[in-house]
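S.K.: One structure, pasted below without further comment.
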Amino acid sequence: MNDPVQHATVPGDPPGGRRAVAMWSIGVAVYFVAVIFRTSLGVAGLDAVDRFHVNASALSTFSILQLLVYAGMQIPVGLLVDRLGTKRVLSIGAVLFTAGQLGFAFSPSYGMALGSRALLGCGDAMTFISVLRLGTRWFPARRGPLVAQLAALAGMAGNLVSTLVLARLLHGLGWTPAFAGSALAGAVVLVLTLLFLEDHPEGHEPQPSPHRGAVYVRRQIAAAWREPGTRLGLWVHFTTQFPAMVFLLLWGLPFLVQAQGLSRATAGELLTLVVLSNMVIGLVYGQLVARHHAARLPLALGTVGATATVWAATLACPGDRAPMWLLVVLCAVLGACGPASMLGFDFARPANPPERQGTASGITNMGGFTASMTMLLAIGVLLDATGDNYTAAFSAVFVLQALGVSQILRLRGQAARRERERLVASRVETVHVPA
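Add 127 to a position in the sequence shown, counting from 1, and you land on the number used in the numbering used here.
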């Protein structure tokens, strides 16, 4: 039986349609390119060690700084999207991440490369929240879970391009031509955004907000944070996303090559499997949640449990070498982490009114990237401290998973009660809306 939450009529719901798909596709294209740039270091980690003469901790600093900027920008970006609209924020983001990718291509030193990744992270931070907001402005609320999963699917397609195409360019053309050439994609999506993107359909303009500087900002953040659904969304995102993010963004390739003794080609194929699995599972999760709203929490906790089990089995193998079949299972299961993290937005979205969607999404999106940043640092430090013992370093994953699950269990009851209250209120409002 379908969940009634998904079929409640929302006053002023956008109509969707072909024009909505066209507008949303432009925003998704910007996000697609941002993910290519974000994950490009994942296939260039070993090359970066040779180019900049750095150790594991210094290598992890690239991704940590990028994610630190990304996570720190989420609430400001959410406020900017609510204040300025999607088109302006996406345009600024495209300029910044393209400049960052170009800077990384021509960086002669470790310090300049760090600055370029920070700039890239700043631009990247402006994309996903904007795309989520674009979806809520152009599509009916009942389509929200599927639209969000499809946006994430486009992001994973960007990861796939990074894994397959950019990796080949890097090893065929060299560092500078590969990264500089990829930056052209940023210029293309910037032009598309400036020329064609619209924030909302005609007749569905958002209500003007009383923007009053710092007072407005504090109230907007506080109101979003008070909602248990926002906090639950943050912890779901925190707990589910980071294992795959850490694996794809930096440490997967070194783990598979150095600890598991695989060739770079085989390791690249396994990283590709993570991305392909993510894309398939994302479609499944999106359809399930669109039809059965109550499936959100079981899917999230089930993903955490499966990830922890397969991760532990891989690390527990005798001689630290896992059989190929287990590595394949690990990568397939890691593919569920991204779709599961998207469920966090499905808790935050119904908990907040339209004028607060950007802020609430920004708070939620901080979760997984904060966890990923923490784990990237922890693994780098532990590898240096233990002489590249990946079993010890990768075991740190269980600490953050335990923390996240405890918070999810603590907040789930509060969020469910509050969501029922809002559903009842929306039904009453719908009944009183004149035909």
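All residues carry an ideal CB built from backbone N, CA and C; glycine is no exception.
#1: Can you tell me the Cα-Cα spacing of residue 160 and residue 256, whole angstroms?
#2: Can residue 261 and residue 151 be called in contact, C-beta distance under 8 Å?
#3: Here's a check: name, in chain order, each residue in its chain whose Cβ is nearer than 6 Å to the Cβ of residue 252, leaving out the five neighbours to either side.
#4: Check residue 473 in the structure and name its three-state DSSP category.
#5: Report the rounded CA-to-CA distance for residue 132 versus residue 419, giving the unit in angstroms.
#6: Grab the span of the alpha helix (DSSP H) containing residue 276 for me, first residue to last.
#7: Going by C-alpha to C-alpha distance, which of 534, 312 and 283 sits closest to residue 226?
#8: Can at least three beta-carbon pairs, one atom from the segment 515-530 and one from the segment 389-399, be found at a separation below 8 Å?
#9: Return the chain-ordered ranges of every alpha helix (DSSP H) run that is complete within the segment 311-378 and spans a minimum of 4 residues.
#10: Buried or exposed for residue 145, please, with buried defined as at least 16 other CB atoms from any protein chain shown within 10 angstroms of its CB.
#11: Thinking C-alpha only, which one of 218, 533, 467 and 175 is nearest residue 416?
#12: Is the beta carbon of residue 615 less than 8 Å from the beta carbon of residue 382?
#13: Using 8 Å as the threshold, is the C-beta distance between residue 478 and residue 357 below it?
#14: Residue 437 to residue 448, Cα distance in whole Å?
#15: Could you tell me the alpha carbon to alpha carbon distance between residue 429 and residue 236, rounded to whole angstroms?
#16: Below 8 Å on the Cβ atoms is my guess for residue 143 versus residue 264; work out the distance and round it to an integer in Å.
#17: Where residue 215 and residue 395 are concerned, what is the direct C-alpha to C-alpha distance, given to the nearest angstrom?
#18: Taking contact to mean 3 or more Cβ pairs, one atom from each stretch, closer than 8 Å, check whether the segment 468-488 and the segment 162-179 are in contact.
#19: Would you tell me roughly how many angstroms separate the C-alpha atoms of residue 443 and residue 173, rounded to the nearest one?
#20: Taking C-beta to C-beta, are residue 412 and residue 282 nearer than 8 Å?
#21: Using the three-state DSSP reduction, which class does residue 403 fall into: helix, strand or coil?
#22: If I'm right that residue 494 touches residue 362 with Cβ under 8 Å, what's the distance once you round it to whole angstroms?
#23: In angstroms, rounded to a whole number, what distance separates the CA positions of residue 433 and residue 464?
#24: Can residue 515 and residue 385 be called in contact, C-beta distance under 8 Å?
#25: Assign residue 427 to buried or exposed, taking buried as 16 or more other Cβ atoms, counted over all protein chains shown, within 10 Å of its Cβ.
#26: Taking the CB atoms as reference points, tell me whether residue 258 and residue 176 lie closer together than 8 Å.
#27: May I ask which residues mark the beginning and end of the alpha helix (DSSP H) holding residue 239?
#28: Can you look up residue 515 in the DSSP assignment and give me helix, strand or coil?
#29: How about residue 280 and residue 409: are their beta carbons less than 8 Å apart?
#30: Per DSSP, what kind of secondary structure is residue 562 in: helix, strand or coil?
#31: Would you identify the three-state DSSP class for residue 381, choosing helix, strand or coil?
#32: What's the gap between the Cα of residue 240 and the Cα of residue 523?
#33: Below 8 Å between beta carbons: does that hold for residue 242 and residue 250?
#34: Do you know how far the Cα of residue 316 is from the Cα of residue 223?
#35: Expressed to the nearest angstrom, what Euclidean distance is found between the alpha-carbon atoms of residue 534 and residue 498?
#36: Pick out whichever of 508, 393, 219 and 545 has its Cα sitting closest to the Cα of residue 182.
M.R.: In short:
#1: If you number the sequence shown from 1, residue 160 lands on position 33. If you number the sequence shown from 1, residue 256 lands on position 129. Rounded to the nearest angstrom, the two C-alpha atoms are 15 Å apart.
#2: Counting from 1 along the sequence shown, the entry for residue 261 is found at position 134. Counting from 1 along the sequence shown, the entry for residue 151 is found at position 24. In this structure, residue 151 lies closer than 8 Å to residue 261 by Cβ.
#3: What you label residue 252 is simply residue 125 of the sequence shown in a count that begins at 1. Cβ within range, chain order: 197, 200 and 204.
#4: Your numbering for residue 473 matches position 346 in the sequence shown. Here residue 473 sits in helix by DSSP.
#5: Start at 1 with the first residue of the sequence shown, and residue 132 comes out as number 5. Start at 1 with the first residue of the sequence shown, and residue 419 comes out as number 292. Bear in mind that a pLDDT of 43 at residue 132, under 50, signals an unreliable position, so the number given afterwards is only what the model happens to contain. Taking the straight line joining both Cα atoms gives about 9 Å.
#6: The sequence position of residue 276 within the sequence shown is 149, counting from 1. Per DSSP, residue 276 belongs to the alpha helix (DSSP H) from 271-288.
#7: By 1-based counting over the sequence shown, the position of residue 226 is 99. Checked all of 534, 312 and 283; the closest Cα to residue 226 is 312.
#8: no
#9: 311-323, 340-353 and 355-373
#10: For the purposes of this step, residue 145 is taken as residue 18 along the sequence shown, with counting starting at 1. Exposed is the call here.
#11: For the purposes of this step, residue 416 is identified with residue 289 of the sequence shown, where counting begins at 1. The shortest Cα separation from residue 416 among 218, 533, 467 and 175 belongs to 467.
#12: Nothing can be reported for residue 615: it is not among the residues displayed for the chain, which extend from 128 to 562.
#13: Taking the first residue of the sequence shown as position 1, residue 478 is located at position 351. Taking the first residue of the sequence shown as position 1, residue 357 is located at position 230. Cβ atoms of residue 478 and residue 357: closer than 8 Å.
#14: As a working mapping, residue 437 is identified with position 310 in the sequence shown. As a working mapping, residue 448 is identified with position 321 in the sequence shown. Answer to the nearest angstrom: the Cα atoms are 14 Å apart.
#15: Along the sequence shown, one-based indexing puts residue 429 at 302. Along the sequence shown, one-based indexing puts residue 236 at 109. Residue 429 and residue 236: Cα-Cα distance of roughly 44 Å.
#16: Mapped onto the sequence shown, residue 143 falls at position 16. Mapped onto the sequence shown, residue 264 falls at position 137. At roughly 11 Å, the Cβ-Cβ gap does not stay under 8 Å, so residue 143 and residue 264 are not in contact.
#17: Against the sequence shown, residue 215 aligns to sequence position 88. Against the sequence shown, residue 395 aligns to sequence position 268. Roughly 36 Å between the two C-alpha positions.
#18: no
#19: Residue numbering aside, residue 443 sits at position 316 when the sequence shown is read from its first letter. Residue numbering aside, residue 173 sits at position 46 when the sequence shown is read from its first letter. Near 26 Å, if we compare the C-alpha coordinates of residue 173 and residue 443.
#20: Position 285 of the sequence shown, counted from the first residue, corresponds to residue 412. Position 155 of the sequence shown, counted from the first residue, corresponds to residue 282. Cβ distance not < 8 Å, so residue 412 and residue 282 don't count as in contact.
#21: On the sequence shown, position 276 is the one that residue 403 refers to. Note: residue 403 maps to helix in three-state DSSP.
#22: Translated into positions along the sequence shown, residue 494 becomes position 367. Translated into positions along the sequence shown, residue 362 becomes position 235. Confirmed, Cβ separation roughly 6 Å.
#23: Counting from 1 along the sequence shown, the entry for residue 433 is found at position 306. Counting from 1 along the sequence shown, the entry for residue 464 is found at position 337. So the two alpha carbons sit approximately 10 Å from each other.
#24: In the sequence shown, counting from the first residue as 1, residue 515 sits at position 388. In the sequence shown, counting from the first residue as 1, residue 385 sits at position 258. Yes, the Cβ-Cβ distance between residue 515 and residue 385 is below 8 Å.
#25: Sequence index remark: in the sequence shown, residue 427 carries index 300 (1-based). Buried, since its Cβ has 16 or more Cβ neighbours within 10 Å.
#26: Mapped onto the sequence shown, residue 258 falls at position 131. Mapped onto the sequence shown, residue 176 falls at position 49. No.
#27: Here the question's residue 239 lines up with position 112 in the sequence shown. That run of the alpha helix (DSSP H) goes 237-251.
#28: Taking the first residue of the sequence shown as 1, we reach residue 515 at position 388. Residue state, collapsed to three classes: coil.
#29: If you number the sequence shown from 1, residue 280 lands on position 153. If you number the sequence shown from 1, residue 409 lands on position 282. Contact: yes.
#30: Mapped onto the sequence shown, residue 562 falls at position 435. The pLDDT assigned to residue 562 is 39, lower than 50, so where the model puts this residue is not dependable; a value taken from the coordinates is nonetheless given after this. It is coil, neither helix nor strand.
#31: Here residue 381 refers to the residue found at position 254 when the sequence shown is read from its first residue. Residue 381: helix per DSSP, three-state reduction.
#32: If you number the sequence shown from 1, residue 240 lands on position 113. If you number the sequence shown from 1, residue 523 lands on position 396. Computed Cα separation, rounded: 28 Å.
#33: Within the sequence shown, numbered from 1, the residue matching residue 242 stands at position 115. Within the sequence shown, numbered from 1, the residue matching residue 250 stands at position 123. Result no, Cβ atoms of residue 242 and residue 250 do not sit closer than 8 Å.
#34: Working through the sequence shown from its first residue, we reach residue 223 at position 96. Working through the sequence shown from its first residue, we reach residue 316 at position 189. About 12 Å.
#35: Indexing the sequence shown from 1 puts residue 534 at position 407. Indexing the sequence shown from 1 puts residue 498 at position 371. Straight-line Cα distance between these residues: approximately 14 Å.
#36: For the purposes of this step, residue 182 is taken as residue 55 along the sequence shown, with counting starting at 1. Comparing Cα positions, the closest option is 508.
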